[in-house]
Amino acid sequence: MSDSFSPLLEALARHSTDGPAPMHMPGHKRNSALAPYLAALGAAWDITEIHGFDDLHEAEGILKDSMDRAARLWGAANSFFLVNGSTCGILAGIRAAAGRGGKVILSRGCHKSVYHALELCGAVPVWLAPPVDEAFGVLASITPEQVRTALAAHPDAKLLVLTSPTYEGVISDLSAICAAAHGAGVPVLVDEAHGAHLGLAPGWPAGAVAAGADVVVQSLHKTLPSLTQTGILHQQGNLVSAEALERQLGIFETSSPSYLLMASMDGCVDLLEHRGDELFARWQAALAAFDRAIAGLTRLRVLCHGTDAPERHPTLYAHDPGKLVVSTRGTALTGPGLMARLREEFAIELEMASGDWAIAMTGLGDTEETLLRLARALVAIDQSLAARPMPPAAEPLPLPPSVLPVSEALERPGEETPLADCEGRVCAEYVWAYPPGIPLIVPGERVDRTFLSCCARLTRQGVRLHSTGGGMPRVLRVLPDEPNLTKGG
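The following block contains the structure:
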């Protein structure tokens, strides 16, 4: 292997100059001179499954070797590259573990891909309502006690699904939760899309594989040096077989995987194997410099950073230090307002904003200078803000009463109705606060006053509400009134 390329990248580099005439897909034929954009996008390395380059869905050569190296790096029994992002792994994992019509225990704060998996499987959800961190208003950790209670009440559950870390970096006690689930014979799937970096170096929280989760889905591109849309699925234990996962990946993952994406995953694994400790130490040092630089903030606060001690957040089991959640509570500035000021005044683009906080995502590619630039901008904005009375503690997510299974509600004809007139009706579509894509109501649940109040509050705060039909926050698709769907039911 060369000093600069991983095995797959090296093979692609050789093939781009010495390979045979391509009488196969793709249609650009590796002819970068055909158009400037092809050269810019690396078309010379963009191939399909040809001799010597293995097949992602029946890997036994160079791709199998790369995925085996990934499994060793994360400590899994088996690892599978995902070119359709974490969404593909979530769909395949839930289908493999829960089957059709199974009962699934899950956090209400899961990503919308989890809900789509429930819909496709005809699964019956059992919701775990995450508490809310009073200081910042973010969803807090799911507790082992919540999980034990749900398992006792639903001994026929087929699967437990959790998101850890969340978009906001909140981590749950996965070791205790996995032990409780396994004691009941229930497998655990962890959406670790935002935590591919966890557990890979000293000083970082442990990841879901080390905690014992049976299926772990990660987005490599979110925090590690890999191209957007790349993910990985890890499997261990005997509650969900690798063969069942492979079968479902054959359904949900494209049959024409991009070798550019797979090469970036191979390169990422190779980089972490050879320079991981060095790069993680640099990332930690940059975060420490950021903490020192924001120590003087008086209005803005950064979750578990600077002077914000973890002890102020008793409902958080742990927090990912790579996530910078900036609170504007107690000021006239909203989260979206902070995001706009950083963009317009300081040329800094954040990841997302919601209500009275915004998220800056850091990753292995950050340097001390990039984080100090953000710190200086936050200090400057902080000095321009006046204090205001602290608003009431954030409300938990609404949990409207369920009337019909999700899949059944979606199969029925709905009608668009002004949102203000929907109280008591059964919802026929999803409504998300996006980002991060957490549903406020799902098909089959009854629209109640708590949900309507939540929508009004989020709209006032500048949070975008999305619905399947695109009518929110103006109209909502609901089911027609029927005798078996009475408002009191």
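Heads up: the sequence shown runs through residues 1 to 489, numbered per UniProt numbering.
A virtual CB, placed ideally from N, CA and C, is assigned to each residue, including glycine.
In this structure, what does DSSP give as the bridge partners for residue i?
i      : result
Ala359 : The question names Ala, but residue 359 is Ile in the sequence shown. According to DSSP, Ile359 bridges with Val325, Met352.
Cys427 : Val478
Leu162 : Val190
Val302 : Val326
Val170 : His319
Leu465 : Ala433
Helix or strand or just coil, what does DSSP make of residue i?
i      : result
Ile381 : helix
Ala157 : strand
Ala334 : Residue identity differs from the one stated: residue 334 is Thr in this sequence, not Ala. Residue state, collapsed to three classes: coil.
Phe290 : helix
Leu200 : coil
Pro7   : helix
Ser2   : Low confidence applies to Ser2: its pLDDT is 45, below 50, so where it sits in the model is not reliable enough to give any reading.
Gly47  : Correcting the residue identity first, residue 47 is Ile in this sequence and not Gly. In the structure shown, Ile47 sits in coil (DSSP, three-state: anything other than H, G, I, E or B).
Asp191 : strand
Leu374 : helix
Gln218 : strand
Gly471 : coil
Lys487 : The predicted position of Lys487 is uncertain, since its pLDDT is 48 and thus under 50; a value taken from the coordinates is nonetheless stated next. Lys487: coil per DSSP, three-state reduction.
Arg446 : strand
Phe80  : strand
Gln146 : helix
Lys64  : helix
Ser141 : coil
Ala269 : It is Val, not Ala, that sits at residue 269 in the sequence shown. Val269 falls in the helix class under three-state DSSP.
Gly207 : coil
Ala318 : strand
Ser402 : strand
His24  : coil
Glu395 : coil
What span of residues does the beta strand (DSSP E) with residue i cover, start to end?
i      : result
Ile438 : 438-441
His111 : First-last for His111: undefined, no H or E at that position.
Leu128 : 124-128
His234 : 231-235
Thr417 : 415-418
Compute the beta-carbon to beta-carbon distance between residue i and residue j, rounded to the nearest angstrom, for a pair I have assumed lies under 8 Å.
i      : j      : result
Phe80  : Ile251 : Actually they do not touch by this definition, with Cβ atoms about 13 Å apart.
Ala90  : Leu160 : Correcting the residue identity first, residue 90 is Ile in this sequence and not Ala. About 14 Å separates the two Cβ atoms, so there is no contact after all.
Leu479 : Glu119 : Contact flag wrong, Cβ pair sits at about 16 Å.
Pro20  : Asp46  : That belief does not hold up - the Cβ atoms of Pro20 and Asp46 are roughly 16 Å apart, past 8 Å.
Pro430 : Pro439 : Just to set this straight, residue 430 is Tyr in the shown sequence, not Pro. Contact flag correct, Cβ pair sits at about 5 Å.
Ile171 : Ala318 : 4 Å
Arg464 : Gly414 : So it is not a contact: roughly 22 Å between Cβ atoms.
Leu200 : Arg299 : The pair is not a contact, with the Cβ atoms about 35 Å apart (cut-off 8 Å).
Gly444 : Pro405 : 6 Å
Ser141 : Thr315 : 6 Å
Verify the contact flag: residue i, CB atom, against every heavy atom of the ligand NAD, threshold strictly below 6 Å.
i      : result
Ala433 : Annotation note on the ligand NAD: not contained in the displayed structure, which lists no ligands.
Just to confirm the assignment, what range does the alpha helix (DSSP H) spanning residue i have?
i      : result
Phe451 : 449-460
Glu311 : No alpha helix (DSSP H) contains Glu311, which DSSP labels as neither H nor E.
Phe36  : As written in the sequence, residue 36 is Pro, which differs from the Phe given in the question. Unbroken alpha helix (DSSP H) run through Pro36: 36-40.
Gly99  : Neither: Gly99 is in no alpha helix (DSSP H) and is coded neither H nor E.
Leu410 : 406-411
Leu245 : 242-252
Measuring only between beta-carbons, confirm whether residue i sits less than 7 Å from chain B.
i     : result
Tyr37 : Annotation note: the requested chain B is absent from the structure, which comprises a single protein chain.
Indicate whether the contact test is met: 3 or more Cβ pairs, each with one atom in the stretch 263-280 and one in the stretch 215-229, closer than 8 Å. yes
Indicate whether the contact test is met: 3 or more Cβ pairs, each with one atom in the stretch 162-171 and one in the stretch 186-194, closer than 8 Å. yes
Quick check: the stretch 193-211 against the stretch 143-152, are at least 3 beta-carbon pairs closer than 8 Å? no
Touch test, the stretch 369-385 against the stretch 344-353, Cβ-Cβ under 8 Å, three pairs minimum: yes
Give a yes or no on contact between the stretch 85-103 and the stretch 203-219, applying the rule of three or more CB pairs nearer than 8 Å. yes
Assess, as a yes-or-no matter, whether the stretch 286-304 is touched by the stretch 368-377 under the definition of 3 or more beta carbon pairs within less than 8 Å. yes
The stretch 56-76 in contact with the stretch 122-138 per 3-pair CB rule at 8 Å: no
Specify whether the stretch 238-258 and the stretch 276-290 touch according to this definition: at least 3 beta carbon pairs, one from each stretch, less than 8 Å apart. no
Sufficient close CB pairs (3 or more, under 8 Å) joining the stretch 329-341 to the stretch 304-320: no
Does the stretch 49-64 come close enough to the stretch 6-20 to have 3 or more Cβ pairs within less than 8 Å? yes
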